[in-house]
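Student:
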Amino acid sequence: MCNILKKETGNISLFAFDKDEGFSEHTVPFDALIFIVDRKADIKIDGVSNILEVGDNIIILANVPHALIAVEKFKRVLTMLKSK
Numbered sequence: 038m039c040n041i042l043k044k045e046t047g048n049i050s051l052f053a054f055d056k057d058e059g060f061s062e063h064t065v066p067f068d069a070l071i072f073i074v075d076r077k078a079d080i081k082i083d084g085v086s087n088i089l090e091v092g093d094n095i096i097i098l099a100n101v102p103h104a105l106i107a108v109e110k111f112k113r114v115l116t117m118l119k120s121k
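Going by the working numbering, the sequence shown opens with residue 38, and the numbers climb by one from there.
1. Counting C-beta neighbours from all protein chains within 10 Å, is the total for Leu89 16 or more, i.e. buried, or is it exposed?
2. Count the C-beta pairs between the stretch 88-107 and the stretch 39-51 that are closer than 8 Å, then say yes if the count reaches three, no if not.
3. Please classify Leu51: does DSSP put it in a helix, a strand, or coil?
4. Cα-Cα, which of Glu62, Lys112, Ser120, Asp68 is closest to Met38?
5. Beta carbon of Ala107, beta carbon of Ala78: below 7 Å?
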């Protein structure tokens, strides 16, 4: 992970994953925007699978269960917005 911008109101980070790496289902108290910058990932939001490729993006609302698995080696930019 590489933090691009980190502020009190949110952050922007770049992540790289090898094939079959990812995160198990979890929730976070922030809205998030995921933008795929290289290859492909499966992002499950509230149990629904979303296959995203280069140039795709998706929004995950705060406190919604989600998980991620790298279909192949990939990179993403994650923008998290903190609410007051």
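From the three backbone atoms N, C-alpha and C, an ideal C-beta is built for every residue, glycine too.
Tutor: Concretely, from the data shown:
1. When all chains shown are included, Leu89 counts as buried.
2. The stretch 88-107 vs the stretch 39-51: no contact.
3. Here Leu51 carries a strand assignment [DSSP, helix/strand/coil].
4. Nearest neighbour of Met38 by Cα position, chosen from Glu62, Lys112, Ser120, Asp68, turns out to be Lys112.
5. Here Ala107 is near Ala78, since their CB atoms are less than 7 Å apart.
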